[in-house]
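Residue numbers (my numbering): 35 to 843.
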């Protein structure tokens, strides 16, 4: 069997039609070699030394076969009916196949050498899997040890660490594990990742990986983009809490080879062949699921997009491997989307030298590189590795001495500011019992507050404050200013000079995210505000979100709650701030609504009245209309009539009517009662109940549907033919949505026990009558005029992924 499959693999990639809808880098070609019928929702692949391809998805691990040698996979042999969620890692080691899934790392053996792994799987390591932030890829290292990567949702995994000496004493977030060949000794090799799915071995005792961004924190100061890291033993990749990620300048961060913006990292592969063009010979391929991109990052840090979809084509890449001849195999799938396999080759293949730049035990090991770091960095590492958090006055004094040096280099100043922060307890989640008040414990301050109240000696605090203020006044590099501002926020000086220095630096810079960083720091300073200081803060609060809007910067779901927490903290420092904010002439843009979320009722209604007055001079934005409509005050009927005339503001008009209904509003409220907006629908129904009016049910627009519904009494007593119904269910392709595989529609097993015959008949002939929000289709009109309809399986601030009824992504 193994010989047969190997021979087929040689002829597997004969000339095929190029894959449509995928843009490719110069010198390369791409072809599709398997589709969703063979590898549905494919999550992981691997190729063995003979070129056999193994793929996994939800509920299967399969060995793929090209039986007619036409260059396409047309069949498969089942290795395992599992894991339930699909393997997130596959690795062949001799006669053994290892896979990550079903809460563990499992081993199955090819017992007779026929290319099939036919022994019952044995779990060699128990670890949480299945979630998108759990355990993922596994590889055998050049040193003979196993390496496993797991995301920051892998609960309880650090209890597995059992070596006597480890480079990571207090591991956190996602981690790379180093595990002995017999699986008995386990060490956290590096940590602090968000959710890196895959990795590969790089030169100089390092591992290359591709980590996720903090997508929900877009445009907040601690947002970090997707990054390709070169990691060494003991490195911390920055994740501390959900609202605090260390910057790239932190001395414990891995080397950043490239920043690739937004995305969802999946596969990682270092290329060890000569077949592809020379520019791909020294570096790493990385995959991004969200945007369907394959990028190549050279060892010098140069990045190139290798493949990406065009138009609305789906190319949700999940894994990558290389064949013995140097070609690349790519899988697509994830979140029940369309599965498939592609091969990338050179248009003019070079002579392949197998493993020409292979990393072996002689050139790579898991040992720590020689430590040439200075005293400051060693002190930071020592403070972070302690079992308990304490104030270290000696470390603080050492940091201050460096900060006061007029000739100190930028990196020394940054390290000194970080050491000062670590000397008073570091950064992270606040203590709910913190005497500084619940507002200062909010997540927005995770990167600006020590868990301890920094009880520094008065002299050290004064010297540190003076040194940091002088740094800010010296027009420093942005990275130095950022950490100086952070250090002032952490040591909390009751200093007007510190406030003025941060505020002046906030005026100096143009980037709204950097301005927000400074505004957050100002909220940490415990001193009384003068009228001038109130105005400075209010002006910044209006300027920052407006600049974010004008510069088309994305914000995601954490933007409003974090700024709401900031608003409460600023208000705690200055009770006059909310009224000053609303009274300022500039207040009234839609971007300023972010500050109204936590306003007191009096200022909230003042804000609504001001928005209403401003809206009469120009067309009102839907978000402003909704904000006004949700208020306690009745909206004038003249405004409601204008809103009703515009489809975009009509739901807000209905909300305004529902809050203050009258008998003359019944007709509009009945329209609102069948709205797709649940808030509008619920408000309208309550208003109709209050008025004693009828609440309408959705009525089909189709006369044909209405005629069918008139026959429900006669049809409900008839008997059907289940076999013919089953055939019709398949022929009409109802099973495409309702078989439970793609989840485009609800599974129908046992449905007759949950619904009456009349209800089932209504759902059959009028499926739009009642649709669960989970299964509601999204209709999108693209900029090119193409209409796309499907169920949304992923949404971010800069794109959505739809799955259509024919399994196209």
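In this text, a Cβ means the ideal position worked out from N, Cα and C, and glycines have one as well.
Would you give the residue range spanned by the alpha helix (DSSP H) that residue i belongs to?
i, result
"residue 597", "593-607"
"residue 656", "656-663"
"residue 448", "444-457"
"residue 83", "First-last for residue 83: undefined, no H or E at that position."
"residue 543", "Unbroken run through residue 543: none, as it is neither H nor E."
"residue 437", "427-437"
Bridge partners of residue i, per DSSP?
i, result
"residue 57", "342"
"residue 275", "278"
"residue 184", "169 and 209"
"residue 812", "824"
"residue 829", "834"
"residue 290", "263"
"residue 270", "225"
"residue 90", "78 and 95"
"residue 410", "Paired residues: none, contrary to the question."
Span of the beta strand (DSSP E) holding residue i?
i, result
"residue 111", "109-114"
"residue 96", "94-99"
"residue 365", "362-366"
"residue 221", "220-227"
"residue 143", "139-143"
"residue 236", "233-236"
"residue 241", "240-245"
"residue 321", "317-322"
Can you tell me which of the three DSSP states residue i falls into?
i, result
"residue 175", "coil"
"residue 401", "Note on residue 401: pLDDT 49, under 50, position unreliable in the model; the coordinate value appears next. Note: residue 401 maps to coil in three-state DSSP."
"residue 162", "coil"
"residue 791", "helix"
"residue 492", "helix"
"residue 207", "coil"
"residue 749", "helix"
"residue 626", "helix"
"residue 21", "Any property of residue 21 remains undetermined from this structure, which presents the chain solely from 35 to 843."
"residue 330", "strand"
"residue 639", "helix"
"residue 251", "helix"
"residue 738", "helix"
"residue 355", "strand"
"residue 66", "strand"
"residue 713", "helix"
"residue 217", "coil"
"residue 478", "helix"
"residue 553", "helix"
"residue 377", "strand"
"residue 133", "strand"
"residue 127", "strand"
"residue 337", "strand"
"residue 347", "coil"
If distances are taken between C-alpha atoms only, which option among the options comes closest to residue i?
i, options, result
"residue 64", "116, 379 and 287", "379"
"residue 5", "229, 335 and 817", "The structure shown does not extend to residue 5, since the chain spans only 35 to 843, so no value can be given for it."
"residue 443", "505, 553, 498 and 465", "505"
"residue 845", "711, 180, 747 and 346", "Lying before the first or after the last residue shown, residue 845 is absent from the chain, which here runs from 35 to 843."
"residue 365", "124, 523, 530 and 136", "124"
"residue 75", "493, 375, 534 and 227", "375"
"residue 455", "499, 525, 492 and 489", "525"
"residue 106", "377, 755, 452 and 482", "377"
"residue 528", "547, 496 and 545", "496"
"residue 618", "599, 640, 602 and 290", "640"
"residue 833", "323, 523, 243 and 90", "323"
"residue 537", "166, 555 and 438", "555"
"residue 622", "111, 118, 607 and 654", "654"
"residue 710", "812, 340 and 210", "812"
"residue 625", "594, 650 and 602", "594"
"residue 157", "136, 316 and 708", "136"
Residue i and residue j look like a contact to me (Cβ under 8 Å); what is the Cβ gap, rounded to whole Å?
i, j, result
"residue 95", "residue 121", "6 Å"
"residue 695", "residue 721", "4 Å"
"residue 352", "residue 275", "No, residue 352 and residue 275 are not in contact; Cβ-Cβ is about 28 Å, not under 8 Å."
"residue 233", "residue 309", "That pair is no contact at about 23 Å."
"residue 611", "residue 605", "5 Å"
"residue 261", "residue 292", "7 Å"
"residue 430", "residue 513", "The pair is not a contact, with the Cβ atoms about 21 Å apart (cut-off 8 Å)."
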